[in-house]
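Peer 1: Which chain is which? The protein sequence lines are A and B, in order.
Under the working numbering, the first sequence has 600 at position 45, and the numbering climbs by one with no breaks.
Under the working numbering, the second sequence has 504 at position 342, and the numbering climbs by one with no breaks.
I have a structure here, written as structure tokens, and I will follow up with some questions on it.
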Amino acid sequence: SHGFPAATSETQEQDMEMIQKYLENYYNLKSNEKQIKKQRKITPVVEKLKQMQKFFGLKVTGKPNAETLNVMKQARCGVPDVAQ
Amino acid sequence: FVLTEGNPRWEHTNLTYRIENYTPDLPGAVVDNTIEKAFQLWSNVSPLTFTKVFKGQADIMISFAWRDHGDNSPFDGPGEVLAHAFQPGPGLGGDVHFDEDERWTNDFTDYNLYHVAAHELGHSLGLAHSSDIGALMFPSYIFSGDVQLSQDDINGIQAIYGPSKNPTLPTGPQTPRVCDSKLTFDAITTIRGEVMFFKDKFYMRVNSFYPEAELNFIAVFWPNLANGLQAAYEVAHRDEVRLFKGNQYWAVRGQDVLPGYPRSIYRSFGFPRSVKNIDAAVFQEDTGKTYFFVAHHYWRYDEYKRSMDAGYPKMIADGFPGIGNKVDAVFQKNGFFYFFRGTRQYKFDPKTKRILTLERANSWFNC
């Protein structure tokens, strides 16, 4: 969250493209997988989001909350976090 | 730690490397020295040796590149992806590419080349990303002031290549685990309604987005206060937190370090020179007094008069019966003092001078 107090507002889910791209780049999400907003049931995107949240020690919700987005915005290594 | 899928490794241990080109952000000699130091981190803890060559194909080719640079993994401009590297193998294998659209530095401003190079070389040697935030192989860029292999990184490289020939078994820092029942703290303070716990280079705080507690580097908030805090307290009505290390202290407001710090504890609070550091400190809002704990004694400082009260120091065992004669950390919440000594936590009522509860130190972390 890197703020005082820690980020508390749920994101308006406006960073869908960033989430999609992040999961494609680092968590093997296939780019033809639909985005979260077009699906109501458990989807690969939700599963990959949970995988990313678990890796970073976040609460595994499958939802793009503020803390998850905060991690995705951090500069990082280009090597994926899971085996390709 | 995680080994790269398929466990790729170099079959020979005397590896070569070549720096193909240089970033204009740093003098060439600084780049040479930085890359050499990054290799040394890994050779110090493994049987690997690295020799620099100046022409032809080396095992590990190092270069700075923009956008699409011919390896099917184009860079993305400033920010986001900083660099990447390839697992051990022929040709592209082991190579390291830095994104030249970044600004490469040799200090704590973004982005420190030494830190990123040490990480990427971990990939060149066969390591994948670690989920240990204190590990060099953690995927996100967090510069904590110094670059060193954590124990997690050392365990990883030694799982691939075995131990180093160095007689002294190298060890690295361990990242605290918030639910470790043996967890102890260096300092604790409230800050804008939250409670922040400090240990080594890390802070911990309860945060609804984390299952147990948020843990990250202190440097994320205060880069030049990266580690080894010994005491901390908040003067809430001034929105100020004071952080103590040795005989100096800093005042911060949120993430901003206030100008004119660090200051001396001798000059600002009137401690005798015999006091070398503060163990713990806490401000009591309804009296305006701050209690400083040093070894077996404590002082009381009047924040309004800005002077130490007369008749101090006194023995901790007398002033706070039952908590023992030494304190690691303390904070106040809702008028109670929470004292920490080792893995124990005492909830103390300063009005009745009685201990109300005894808890484990990490009881705040939903373990």
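Idealized CB from N, CA, C, for every residue including glycine.
Contact criterion: CB-CB distance below 8 Å. Does residue 560 of chain A meet it with respect to chain B?
Peer 2: Position 5 of the first sequence, counted from the start, is the residue given in the question as residue 560 of chain A. With 8 Å as the cut-off, residue 560 of chain A counts as an interface residue toward chain B.
Peer 1: Pair every Cβ in the segment 485 to 492 of chain B with every Cβ in the segment 436 to 446 of chain B, then say whether three or more of these pairs are closer than 8 Å.
Peer 2: These segments touch.
Peer 1: Using the three-state DSSP reduction, which class does residue 231 of chain B fall into: helix, strand or coil?
Peer 2: Residue numbering aside, residue 231 of chain B sits at position 69 when the second sequence is read from its first letter. Residue state, collapsed to three classes: coil.
Peer 1: With a threshold of 8 Å between beta carbons, is residue 620 of chain A in contact with chain B?
Peer 2: The residue given as residue 620 of chain A occupies position 65 in the first sequence. Yes, residue 620 of chain A lies at the interface with chain B (some Cβ there is under 8 Å from its Cβ).
Peer 1: Go through its chain and collect everything with a Cβ distance to residue 476 of chain B's Cβ below 7 Å, but skip five positions before and after it.
Peer 2: For the purposes of this step, residue 476 of chain B is taken as the residue at position 314 of the second sequence. Result list for residue 476 of chain B: 459, 460, in chain order.
Peer 1: Find the residues of chain A that neighbour residue 353 of chain B, judging by a C-beta separation of less than 9 Å, and give them in chain order.
Peer 2: Taking the second sequence and counting its residues from 1, one reaches residue 353 of chain B at position 191. In chain order: 559, 560.
Peer 1: Shorter than 8 Å from the beta carbon of residue 614 of chain A to some beta carbon of chain B?
Peer 2: Stepping through the first sequence from its first residue, residue 614 of chain A is reached at position 59. Chain B, which has a Cβ nearer than 8 Å to the Cβ of residue 614 of chain A, makes this yes.
Peer 1: Can you look up residue 507 of chain B in the DSSP assignment and give me helix, strand or coil?
Peer 2: As a working note, residue 507 of chain B is residue 345 in the second sequence. Strand, per DSSP.
Peer 1: Taking 8 Å as the CB-CB cut-off, is residue 629 of chain A touching chain B?
Peer 2: As a working note, residue 629 of chain A is residue 74 in the first sequence. Yes, its Cβ sits closer than 8 Å to a Cβ of chain B.
Peer 1: Look up residue 220 of chain B in the DSSP assignment and say whether it is helix, strand or coil.
Peer 2: If you number the second sequence from 1, residue 220 of chain B lands on position 58. The answer is coil: DSSP assigns residue 220 of chain B none of H, G, I, E or B.
Peer 1: So residue 349 of chain B and residue 398 of chain B are supposed to be a Cβ contact under 8 Å. How far apart are they, rounded?
Peer 2: Within the second sequence, residue 349 of chain B is the residue found at index 187, counting from 1. Within the second sequence, residue 398 of chain B is the residue found at index 236, counting from 1. Residue 349 of chain B to residue 398 of chain B, Cβ: 17 Å. No contact.
Peer 1: Here's the rule: buried if 16 or more other CB atoms are within 10 angstroms of the residue's CB, otherwise exposed. What is residue 636 of chain A?
Peer 2: On the first sequence, position 81 is the one that residue 636 of chain A refers to. Its Cβ being crowded by 16 or more others within 10 Å, residue 636 of chain A is buried.
Peer 1: Three-state secondary structure (DSSP) at residue 120 of chain B?
Peer 2: This structure gives no information on residue 120 of chain B, because the portion of chain B shown stretches from 163 to 529.
Peer 1: Does DSSP put residue 299 of chain B in a helix, a strand or coil?
Peer 2: If you number the second sequence from 1, residue 299 of chain B lands on position 137. Residue state, collapsed to three classes: coil.
Peer 1: Kindly list the residues whose CB is nearer than 6 Å to the CB of residue 423 of chain B, restricted to its own chain and excluding five residues on each side of it in sequence; keep chain order.
Peer 2: Locating residue 423 of chain B in the second sequence gives position 261, counting from the first residue. If we look at residue 423 of chain B and ignore the five residues flanking it on each side, its Cβ neighbours are 412, 413.
Peer 1: Considering just the uninterrupted stretch of the beta strand (DSSP E) at residue 180 of chain B, what are its terminal residues?
Peer 2: For the purposes of this step, residue 180 of chain B is taken as the residue at position 18 of the second sequence. Per DSSP, residue 180 of chain B belongs to the beta strand (DSSP E) from 176 to 181.
Peer 1: May I have the straight-line CA-CA distance separating residue 431 of chain B from residue 421 of chain B, to the nearest angstrom?
Peer 2: Here residue 431 of chain B corresponds to residue number 269 of the second sequence, with the count starting at 1. Here residue 421 of chain B corresponds to residue number 259 of the second sequence, with the count starting at 1. Computed Cα separation, rounded: 18 Å.
Peer 1: Hey, residue 230 of chain B and residue 172 of chain B: beta-carbon distance below 8 Å or not?
Peer 2: Position 68 of the second sequence, counted from the first residue, corresponds to residue 230 of chain B. Position 10 of the second sequence, counted from the first residue, corresponds to residue 172 of chain B. Taking 8 Å as the Cβ cut-off, residue 230 of chain B and residue 172 of chain B do not qualify as a contacting pair.
Peer 1: Mapping DSSP to helix, strand and coil, what is residue 517 of chain B?
Peer 2: Residue mapping note: residue 517 of chain B aligns to position 355 of the second sequence, counting from 1. In this structure, residue 517 of chain B counts as strand in the three-state DSSP scheme.
Peer 1: For a cutoff of 8 Å on Cβ pairs, would you count residue 405 of chain B as touching chain A?
Peer 2: As a first step, residue 405 of chain B is located in the second sequence; it is residue number 243 there, counting from the start. For residue 405 of chain B, the answer is no, since every Cβ of chain A falls outside 8 Å of its Cβ.
Peer 1: Under a three-way DSSP split, which group does residue 200 of chain B fall into?
Peer 2: Your numbering for residue 200 of chain B matches position 38 in the second sequence. Note: residue 200 of chain B maps to helix in three-state DSSP.
Peer 1: Three-state secondary structure (DSSP) at residue 214 of chain B?
Peer 2: Mapped onto the second sequence, residue 214 of chain B falls at position 52. The answer is strand: DSSP assigns residue 214 of chain B an E or B state.
Peer 1: Hey, residue 472 of chain B and residue 502 of chain B: beta-carbon distance below 8 Å or not?
Peer 2: Reading the second sequence from its first residue, position 310 is the one you call residue 472 of chain B. Reading the second sequence from its first residue, position 340 is the one you call residue 502 of chain B. No.
Peer 1: Determine the contact status of residue 630 of chain A and residue 273 of chain B, defining contact as a CB-CB distance below 8 Å.
Peer 2: Taking the first sequence and counting its residues from 1, the one referred to as residue 630 of chain A is at position 75. Taking the second sequence and counting its residues from 1, the one referred to as residue 273 of chain B is at position 111. Yes, Cβ-Cβ distance for residue 630 of chain A and residue 273 of chain B is below 8 Å.
Peer 1: Compile a chain-ordered list of the residues in the segment 281 to 293 of chain B whose CB is closer than 9 Å to at least one CB of chain A.
Peer 2: Cβ contacts with chain A come from 281, 282, 285, 290, 291, 293.
Peer 1: DSSP state of residue 591 of chain A, grouped into three classes?
Peer 2: Counting from one through the first sequence, the residue named residue 591 of chain A turns up at place 36. Its pLDDT being 48, under 50, residue 591 of chain A is placed unreliably by the model, and the measurement read from it follows with that caveat. Reduced to three states, the DSSP call for residue 591 of chain A is helix.
Peer 1: What first and last residue would you give for the beta strand (DSSP E) that runs through residue 488 of chain B?
Peer 2: Start at 1 with the first residue of the second sequence, and residue 488 of chain B comes out as number 326. Taken as a continuous stretch (DSSP letters only), residue 488 of chain B belongs to no beta strand (DSSP E), as it is neither H nor E.
Peer 1: Just to confirm, is the Cβ distance from residue 639 of chain A to residue 583 of chain A under 8 Å?
Peer 2: Within the first sequence, residue 639 of chain A is the residue found at index 84, counting from 1. Within the first sequence, residue 583 of chain A is the residue found at index 28, counting from 1. Against a cut-off of 8 Å, the Cβ pair of residue 583 of chain A and residue 639 of chain A comes out as a contact.
Peer 1: Looking at residue 163 of chain B: is its Cβ nearer than 8 Å to the Cβ of residue 340 of chain B?
Peer 2: As a first step, residue 163 of chain B must be located in the second sequence, where it is residue number 1. As a first step, residue 340 of chain B must be located in the second sequence, where it is residue number 178. Contact: no.
Peer 1: At least one CB of chain B closer than 8 Å to the CB of residue 592 of chain A: is that the case?
Peer 2: On the first sequence, residue 592 of chain A is found 37 positions in, with the first residue counted as 1. Legend: pLDDT at residue 592 of chain A = 49, less than 50; position of this residue unreliable, no value from coordinates given.
Peer 1: If we require 3 or more residues per run, which beta strand (DSSP E) segments fall completely within the segment 276 to 356 of chain B?
Peer 2: Complete beta strand (DSSP E) runs here, min 3: 349 to 353.
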